[in-house]
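Quick note, the sequences are listed as chains C and X, same order. Everything in the first sequence is counted per the working numbering, starting at 1 for the first residue and increasing by one. Everything in the second sequence is counted per the working numbering, starting at 1 for the first residue and increasing by one.
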Amino acid sequence: MTSENIDGGKALIRALEKEGVEVMFGLPGGAILPVYDPIIDSTIRHILVRHEQGAGHMAQGYAQATGKPGVAMVTSGPAATNIVTPLCDAYLDSTPLVVITGQVPLAAIGTDAFQECDTTGITMGVTKHNFLVKDAQDVPRIVKEAFHIATTGRPGPVLIDLPKDIVDPNNPRSELYWVDNPEMDLPGYKPEKKIDLSGIEKAVELIQSSERPVFYVGGGILKARAAEALRELVEITGIHVVTTLMARGAFPDSHELCLGMPGMHGNYTAVTSMQKADLLVALGARFDDRVTGKVDGFAPDAKIIHVDIDPAEIGKVRKPDVAINGDCRLVIEAMVDLLRQQDAIQIDRSEWKSTISGWQERFPLTYEDSEPGSRLKPQYVLEQLRDLTPADTIVASGVGQHQMWTSQYWNFDYPYTWINSGGLGTMGFSIPAAIGAKVGNPDRMVWAVDGDGCFQMTAQELVTATVENIPIKVALLNNSYLGMVRQWQDMFYDERFSEVFLSDDVPNYKAWAESMGCVGIRVDSPEEVPEAIAKANEIEDRSVVIDFRTAPEEHVYPMVPAGKDNSSIVVPPSQESQER
Amino acid sequence: MKKTQANYTILVITVENKFGVLARVSGLFSRRGVNIKSLAVAPTDKAEFSRITVDLDIELESVSLDQIINQLDKLINVVEIRALDPAESVERELMIVTVEAEASQRDELVDHLDKVGGKVLNIGTESMMLSLVETSSVIDDFESFLSDYGIVELQRTGRVALDSL
Ligand SMILES: Cc1ncc(C[n+]2csc(CCOP(=O)(O)OP(=O)(O)O)c2C)c(N)n1
Ligand SMILES: [Mg+2]
Numbered sequence: 001m002t003s004e005n006i007d008g009g010k011a012l013i014r015a016l017e018k019e020g021v022e023v024m025f026g027l028p029g030g031a032i033l034p035v036y037d038p039i040i041d042s043t044i045r046h047i048l049v050r051h052e053q054g055a056g057h058m059a060q061g062y063a064q065a066t067g068k069p070g071v072a073m074v075t076s077g078p079a080a081t082n083i084v085t086p087l088c089d090a091y092l093d094s095t096p097l098v099v100i101t102g103q104v105p106l107a108a109i110g111t112d113a114f115q116e117c118d119t120t121g122i123t124m125g126v127t128k129h130n131f132l133v134k135d136a137q138d139v140p141r142i143v144k145e146a147f148h149i150a151t152t153g154r155p156g157p158v159l160i161d162l163p164k165d166i167v168d169p170n171n172p173r174s175e176l177y178w179v180d181n182p183e184m185d186l187p188g189y190k191p192e193k194k195i196d197l198s199g200i201e202k203a204v205e206l207i208q209s210s211e212r213p214v215f216y217v218g219g220g221i222l223k224a225r226a227a228e229a230l231r232e233l234v235e236i237t238g239i240h241v242v243t244t245l246m247a248r249g250a251f252p253d254s255h256e257l258c259l260g261m262p263g264m265h266g267n268y269t270a271v272t273s274m275q276k277a278d279l280l281v282a283l284g285a286r287f288d289d290r291v292t293g294k295v296d297g298f299a300p301d302a303k304i305i306h307v308d309i310d311p312a313e314i315g316k317v318r319k320p321d322v323a324i325n326g327d328c329r330l331v332i333e334a335m336v337d338l339l340r341q342q343d344a345i346q347i348d349r350s351e352w353k354s355t356i357s358g359w360q361e362r363f364p365l366t367y368e369d370s371e372p373g374s375r376l377k378p379q380y381v382l383e384q385l386r387d388l389t390p391a392d393t394i395v396a397s398g399v400g401q402h403q404m405w406t407s408q409y410w411n412f413d414y415p416y417t418w419i420n421s422g423g424l425g426t427m428g429f430s431i432p433a434a435i436g437a438k439v440g441n442p443d444r445m446v447w448a449v450d451g452d453g454c455f456q457m458t459a460q461e462l463v464t465a466t467v468e469n470i471p472i473k474v475a476l477l478n479n480s481y482l483g484m485v486r487q488w489q490d491m492f493y494d495e496r497f498s499e500v501f502l503s504d505d506v507p508n509y510k511a512w513a514e515s516m517g518c519v520g521i522r523v524d525s526p527e528e529v530p531e532a533i534a535k536a537n538e539i540e541d542r543s544v545v546i547d548f549r550t551a552p553e554e555h556v557y558p559m560v561p562a563g564k565d566n567s568s569i570v571v572p573p574s575q576e577s578q579e580r
Numbered sequence: 001m002k003k004t005q006a007n008y009t010i011l012v013i014t015v016e017n018k019f020g021v022l023a024r025v026s027g028l029f030s031r032r033g034v035n036i037k038s039l040a041v042a043p044t045d046k047a048e049f050s051r052i053t054v055d056l057d058i059e060l061e062s063v064s065l066d067q068i069i070n071q072l073d074k075l076i077n078v079v080e081i082r083a084l085d086p087a088e089s090v091e092r093e094l095m096i097v098t099v100e101a102e103a104s105q106r107d108e109l110v111d112h113l114d115k116v117g118g119k120v121l122n123i124g125t126e127s128m129m130l131s132l133v134e135t136s137s138v139i140d141d142f143e144s145f146l147s148d149y150g151i152v153e154l155q156r157t158g159r160v161a162l163d164s165l
């Protein structure tokens with residue numbers, strides 16, 4: 001392939017192929033129609049979704065599980081607005097996406113034409129960047145720029161809005177001269193940061209001299225592919241690690257220095273160790289309000305080292321004592337190098353270590369077993385699921401109580417096995433995200449853990465899974481309620497339950513699953529749980545949905561009430577009398 | 001940035017000279033609820049770049065100003081951005097104004113105009129059009145002087161500024 005005249009639609013598909021795109025998720029319509037023709041002859045696998053939100057979340061699941069950019073393509077107007085939620089989700093969780101939307105022909109833009117919407121205007125605030133293509137000749141260059149922007153620096157979603165005349169071979173405007181390697185023109189984009197070595201020195205000095213240090217690890221570690229480097233840093237320093245909701249799996253849960261998840265529903269030790277620390281080393285983390293609680297009261301005695309690729313994150317919430325702007329992996333490697341050169345002036349941290357293990361003993365995650373005849377405990381279901389699936393199982397979750405319990409009770413020992421909607425908290429994320437993850441990892445087991453509320457938002461994508469032969473498994477923690485909202489009403493609104501009850505008997509999830517070509521199983525009693533999971537594990541040729549009937553009154557503990565500082569952490573009733 | 005007495009903040013932003021760039025820049029201010037007092041945009045000596053001068057009319061706390069700068073800098077079309085220290089820069093603004101002026105009032109008016117270095121652009125039967133290039137505070141004063149005559153129409157460009165030599 002070298003140079004020739006082709007049309008914008010063919011150029012788009014060819015440019016995607018040249019970017020190494022293997023799969024894309026989408027749904028055609030009027031404005032994007034011309035691009036769907038060359039797809040027939042392309043090496044790219046196109047997965048036809050049932051709703052454009054599904055295409056976006058599938059691309060996210062694919063990207064989060066593989067590290068490669070996820071690609072989605074939809075038409076103009078309502079399709080473009082349907083994919084706004086995944087764009088925002090990817091923006092907040094720094095997921096690399098390239099989304100292509102159809103647009104009305106250039107001459108019709110601004111006339112309220114059929115299915116016209118101001119897609120670049122609407123998505124400006126939820127994309128890392130977006131393009132409106134006005135000249136077919138720009139297509140190859142813009143595709144290259146879009147992938148470059150989506151995947152470098154702090155990753156994020158990029159949208160390309162493509163007017164129909166530019167891709168329609170019957171329109172002379174679509175003609176362009178194809179060149180294999182167009183030159184990018186991004187004078188304002190400088191993702192590479194030079195790492196400031198004096199910052200590394202200061203950081204290492206603080207690390208060496210602190211008595212109560214904690215590594216506060218965020219999703220940036222995964223984006224930077226820095227899990228291995230992190231492990232080295234942790235092992236030479238012997239410092240404990242917390243992994244945020246976005247970083248679960250970045251450091252193995254079964255490692256003795258792993259304290260698990262901090263934050264609003266973090267475990268007591270992770271939350272309290274940060275609160276009492278004299279040094280927090282934030283690595284690719286952004287001091288989200290769900291982690292800090294009330295900012296004024298957050299980790300009051302801690303000095304802060306903040307490492308982030310994005311300069312706008314540094315000092316946004318908490319002013320750091322040492323700021324290092326750069327790629328987490330490179331920064332950690334530089335720290336490790338420096339630490340290796342130094343004599344181990346190890347300060348005595350035995351008291352801190354025993355304080356931590358004291359908390360771990362007194363405040364483990366805990367729940368009461370269910371009474372015979374009553375509904376399942378969701379934590380029990382998750383423990384069984386965790387223990388009965390392969391260690392490298394990929395888990396995608398929805399948003400709500402089930403998400404928090406999954407993050408708490410799962411044992412994440414591998415990076416890129418936990419896929420969730422952290423920043424935006426998008427109900428309905430799990431099923432499409434699990435499908436996307438499975439497409440990227442056809443040989444791995446992929447479970448979606450979903451809530452009944454979430455399931456009803458995007459379950460139709462199980463039809464996509466069946467038709468496209470992408471077998472996933474769904475553990476539905478069905479508590480008949482919008483459980484997380486119910487919990488807040490229970491705790492903070494005098495048990496006045498407003499608009500949170502869904503239903504005890506409709507829909508019939510087993511029948512619904514079966515109607516979508518999946519195996520449906522309903523589980524009511526604890527004894528049936530292992531058996532149902534084993535059965536699901538054996539089914540490889542289609543998706544499985546297990547409707548676990550769980551207890552609606554169960555609360556996620558611990559919990560830091562909104563607006564309170566992290567020392568106000570509420571523990572489960574059975575631990576209330578424990579000495580703090 | 002040096003501490004100064006000035007009660008305004010000027011950002012100078014070099015951007016790609018393309019459609020939609022101004023919306024991205026101004027969108028970032030509006031999202032944060034920061035009011036822009038004035039905004040001047042024009043191509044630079046290189047046609048592919050434009051220079052935006054933003055007058056925020058407030059002295060932002062250094063932390064949030066840094067953050068706004070960092071966030072603006074993240075915009076792909078922003079090539080360079082910095083805050084200008086009022087003490088280390090020279091600023092000017094242009095005002096053109098049509099003011100009511102009977103023949104009998106004109107001498108006094110032109111006298112004052114000469115003192116501040118303004119020009120007469122156009123003369124009508126009952127009004128005059130004037131221009132003045134000065135610092136924003138001198139223009140403020142002149143504007144309030146004119147208001148006694150009766151301002152018919154007025155346009156100010158907002159501050160533009162360059163580093164002092
Ligand atoms: C799209 C969307 N709408 C509303 C919310 C607010 N919300 C957060 S959790 C939740 C309840 C989720 O219910 P369910 O899926 O049944 O999960 P559960 O909490 O019961 O485990 C709601 C409504 C949200 N996060 N996303
Ligand atoms: Mg529920």
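Where is the CB? At the ideal position from N, CA and C, for every residue including glycine.
**Prompt:** Any beta-carbon of chain C closer than 8 angstroms to the one on E88(X)?
**Reply:** no
**Prompt:** So which of M404(C), T244(C), R141(C), W352(C) has the shortest CA-CA distance to S210(C)?
**Reply:** W352(C)
**Asked** Do you know how far the Cα of C88(C) is from the Cα of G425(C)?
**Response** 10 angstroms
**Prompt:** Beta carbon of L376(C): closer than 7 angstroms to some heavy atom of ligand 2?
**Reply:** no
**Prompt:** Excluding the five sequence neighbours on either side, which residues of its own chain have a C-beta within less than 7 angstroms of the C-beta of T4(X), listed in chain order?
**Reply:** With a pLDDT of only 45 at T4(X), under the threshold of 50, the placement of this residue in the model should not be trusted, and no figure is reported.
**Request:** With A323(C) as the anchor, note down where its beta strand (DSSP E) starts and where it stops.
**Result:** 322-325
**Range covered by the alpha helix (DSSP H) that runs through Y36(C)** = 33-39
**Request:** Keeping to the same chain, check which residues put their C-beta closer than 7 angstroms to that of A47(X); ignore five residues upstream and five downstream.
**Result:** N17
**Request:** Could you tell me whether the Cβ of E16(X) comes closer than 8 angstroms to any Cβ of chain C?
**Result:** yes
**Prompt:** What is the rounded straight-line gap between the Cα of T9(X) and the Cα of V467(C)?
**Reply:** 59 angstroms
**Prompt:** How should I21(C) be labelled, buried or exposed, when 16 other C-beta atoms within 10 angstroms of its C-beta is the threshold for buried?
**Reply:** Looking at the sequence itself, residue 21(C) is Val, so the reference to Ile does not match. Answer is buried; the Cβ neighbour count reaches 16.
**Request:** Helix, strand or coil for K564(C), going by three-state DSSP, please let me know.
**Result:** coil
**Message:** Any beta carbon of chain C sitting closer than 8 angstroms to that of R24(X)?
**Reply:** yes
**Message:** Looking at R50(C): is its Cβ nearer than 8 angstroms to the Cβ of E514(C)?
**Reply:** no
**Asked** Hey, is A312(C)'s beta-carbon within less than 8 angstroms of any beta-carbon in chain X?
**Response** yes
**Message:** Tell me the residue span of the beta strand (DSSP E) that contains M73(C).
**Reply:** 70-74
**Request:** Determine whether the Cβ of I149(C) lies closer than 8 angstroms to any Cβ atom of chain X.
**Result:** yes
**Asked** Helix, strand or coil: which one does DSSP assign to K2(X)?
**Response** Since pLDDT at K2(X) reaches only 42, below the 50 mark, its modelled position is unreliable, and the value read off the structure follows with that caveat. Reduced to three states, the DSSP call for K2(X) is coil.
**Residues of its chain near M335(C), where Cβ-Cβ distance is below 7 angstroms and the 5 sequence neighbours each way are ignored** = I200, A203, V204, L233
**Request:** Consult DSSP for A302(C) and reduce its assignment to one of helix, strand or coil.
**Result:** coil
**Asked** Can you find a heavy atom of ligand 2 that lies under 7 angstroms from the Cβ of D452(C)?
**Response** yes
**Request:** Check each candidate in W359(C), I470(C), V158(C) and name the one with the smallest Cα separation from Q582(C).
**Result:** Lying before the first or after the last residue shown, residue 582(C) is absent from chain C, which here runs from 1 to 580.
**Asked** Cβ atoms of D547(C) and L502(C): under 8 angstroms apart, would you say?
**Response** no
**Chain-ordered neighbours of D45(X) on chain C, where CB pairs are closer than 9 angstroms** = Within chain C, no residue comes near D45(X); the closest Cβ sits about 15 angstroms away, beyond 9 angstroms.
**Message:** In whole angstroms, give me the CA-to-CA distance for K564(C) and P572(C).
**Reply:** 17 angstroms
**Message:** For a quick check, are the C-beta atoms of L132(C) and D161(C) less than 8 angstroms apart?
**Reply:** yes
**Prompt:** If you draw a straight line from the C-alpha of V560(C) to the C-alpha of E576(C), how long is it?
**Reply:** 14 angstroms
**Message:** Looking at ligand 2, does it come within less than 7 angstroms of Y416(C), judged from the CB to the closest heavy atom?
**Reply:** no
**Item:** Coarse secondary structure for T135(X), derived from DSSP in three states
**Value:** coil
**Message:** Distance check for D66(X) and V160(X), CA to CA, integer angstroms please.
**Reply:** 21 angstroms
**Asked** Thinking just about the alpha-carbon of each residue, which of I356(C), P140(C), P182(C) is nearest to the one in R580(C)?
**Response** I356(C)
**Prompt:** Cα separation between A90(C) and A448(C)?
**Reply:** 18 angstroms
**Where the alpha helix (DSSP H) through Y62(C) begins and ends** = 52-66
**Message:** Out of D450(C), G423(C), I419(C), M427(C), which one is the CA nearest neighbour of G436(C)?
**Reply:** I419(C)
**Item:** DSSP three-state assignment for R45(C), whether helix, strand or coil
**Value:** strand
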